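Shown next, in C-alpha cells, is the structure this report addresses.
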Amino acid sequence: MLDTIPPIALAAIAILIGFGGLVWSADRFVAGSAAIAKSFGVAPLVIGLTIVSFGTSAPEVMVSISASLKDAGDLAIGNALGSNIANIGLVLGATLLIAAIPVQKHIFRHELPVLLLVTVISGALLYGGVLSPWEGWLLLALLPVLMFYLVRAKQKELSPAEIDQEQEDIPEMPRPRAILWFAIGLIALMISSEILVWGAKTTAEYFSVSPLIIGLTVIAVGTSLPELAASVMSALKGHHDIALGNIIGSNIFNLLAVMAVPGIISPPIMEAAVFNRDYMTMLAITLIITAAIAIVLLRKNSKGTTQLGKGTGFVLLGCYVAYYAYLFYTN
C-alpha cells in the first residue's frame, strides 16, 4: 500500500508525525526529568534553570544526533542556527505582538553576556567551514561551566518569592511515575527525531535542495514550536515575563549542545553561506535584541518603563521574514 503513495507525500506525513511526536515527548521528558531531580533533593532553582529552561531544546538535540548519525551534519548545523533565528525573530517577535515583556536586570547582566560570548565563540569555530571533533567537545564542555555561573548569579539576584515561584513550576509526581514518563519521553524523542530526519532528507532530495536549507527552514521552525507555544500561551495567561529568559537559555543550549553534536559524531564540511549568511543573520538578530534591551533599561531612568513592546516585535518579525524571503529566493 505504501508503494502507491508518492515519496514526497510520505515525507510530508513523516515530518508532521515527527513534529507532533517531538512536541509531546519533549513535554513528557521534561516533566519526568524535573520530577526525578526534585525527588532527589535538587534545588528548584537549579532544576528551573537547567532541565526546565533547556527542556524545550530536547527536540533540537535529538534531531541533531539523528542527523549526524546519518552523515547529515549540515542539517544539524542548520537546525541549530535556524532555531536560534526562529526563537528570536519568530517566537519572541510574535510574543511581543501579543503582550509587552518586562526586562529584568539580571537578563542584561548575566544571560545576555553569556549568549553573546557563546555566539562569538561559535562564529569563530564556524568561520573555517569545518566543525572538528575537538571544537564540538569544546562547545559541550562550556555548557556545564556556563550553567554553573548562571545558577550562582541568579541565586544572588532572585528574591525569596521568585525562588518559591520556581518551585511551584516544577511538577509533583511520585518517583516511579516520573521515571516512567522520563523513559517514555526519551524513547519517543528518539523515534520522533528519526522519523522527522527521514522526512526532511527525503524532502531535500525530492526538491534538489541541500539538507542545510531544510535544517534552516522546516526543521528549525518545527523544533521551535515548543518555544513558540510556551511563549504565546504564557503571554495570553499574563506570565509573559518568563518568555525572554527561556528563549535566551534555549539559544545558549542550541549553540553549546545542538551544534556540538555534529562536530563530535560526524564533522561536516560546510559551504561558505553557513557563516556568511546564516551565522551572520543569527549574530545580527542577537545584537538587535541586545540593543533593544539596553535601550529599554536606559530609558527607565526617564520614563520608568522596562518593557519590550510591539515596536521591537515588528522589527524582529521583519528581520525573520526578510531572512527567509532571501533564503527561498536564492535557493
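Heads up: the sequence shown is residues 130 to 460, going by our numbering. Idealized CB from N, CA, C, for every residue including glycine. For clarity, every value in this text was computed on a predicted model and none was experimentally measured.
By the neighbour-count criterion, in which 16 or more other beta carbons inside 10 Å mark a residue as buried, Tyr335 falls on the exposed side.
Judged by DSSP in its simplified three-state form, Val350 adopts helix. Here the C-alpha atom of Ala140 lies approximately 16 Å from the C-alpha atom of Val192. Within the DSSP secondary-structure output, Pro231 pairs in a beta bridge with Gln436.
By the Cβ rule, the region 221-230 does not count as touching the region 382-392, because fewer than three pairs are nearer than 8 Å. A distance below 7 Å between beta-carbons, with the five flanking residues on each side excluded, links Gly438 to the following residues of its chain, in chain order: Leu225 and Ala229. With a cut-off of 8 Å on Cβ pairs, the region 309-324 is in contact with the region 155-164, counting three or more such pairs. A check of alpha carbon separations from Ser322 across Ala282, Tyr455, Ala454 and Ile194 identifies Ile194 as the nearest.
Going by beta carbons, Leu244 and Pro188 fall outside the 7 Å limit. Ranked by how close their Cα comes to the Cα of Thr419, the residues Phe169, Ile144, Pro242 and Ser197 have Pro242 in first place. For Ser162, the uninterrupted alpha helix (DSSP H) run begins and ends at Pro136 to Ser168, by DSSP. Between the alpha carbons of Arg157 and Gly314 lies a gap of roughly 5 Å. The secondary-structure analysis by DSSP pairs Val259 across a beta bridge with Ile398. Exposed is the label assigned to Pro136, since fewer than 16 other Cβ atoms lie within 10 Å of its Cβ.
Around the CB of Thr415, 16 or more other CB atoms lie within 10 Å, so the residue is classed as buried.
Under the three-state reduction of DSSP output, Glu301 falls in the coil class, being neither helix nor strand. Between Gly257 and Ala349, the C-beta spacing is not below 7 Å. Remark: three or more beta-carbon pairs, one from each stretch, lie closer than 8 Å, so the region 200-214 and the region 341-357 are flagged as touching.
Counting the other CB atoms within 10 Å of its CB gives Glu264 a total of 16 or more, which places it among the buried residues. For Glu189, the enclosing alpha helix (DSSP H) covers residues Ala187 to Leu198.
Between Leu271 and Tyr408, the C-beta spacing is not below 7 Å.
An exposed status is given to Asp200, since fewer than 16 other beta-carbon atoms sit within 10 Å of its beta-carbon. Taking the C-beta atoms as reference points, Ser360 is found no nearer than 7 Å to Asn216.
A distance below 7 Å between beta-carbons, with the five flanking residues on each side excluded, links Leu412 to the following residues of its chain, in chain order: Thr248 and Gly252. Measuring C-alpha to C-alpha distances from Ile422 to each of Thr410, Ala402 and Lys234 identifies Lys234 as the nearest. In terms of Cβ geometry, Ala329 and Ile343 form a close pair [threshold 7 Å].
DSSP, read as helix, strand or coil, puts Met388 in coil. Secondary structure note for Asn383: it is in no alpha helix (DSSP H), with a DSSP letter that is neither H nor E. Shortest Cα-Cα distance from Leu456 to any of Ile142, Ile146 and Gly207 involves Gly207.
Put simply, the backbone Cα of Tyr449 is about 18 Å away from that of Ser379. Taking a contact as a CB-CB distance under 8 Å, the pair Val387 and Ser168 does not count as one, their CB atoms being some 28 Å apart. Listed in chain order, the non-local C-beta contacts of Gly442 below 6 Å within the same chain comprise Gly222, Leu225 and Leu226, local neighbours out to five positions each way being set aside. CA-CA distance, Met276 to Ile424, rounds to 27 Å.
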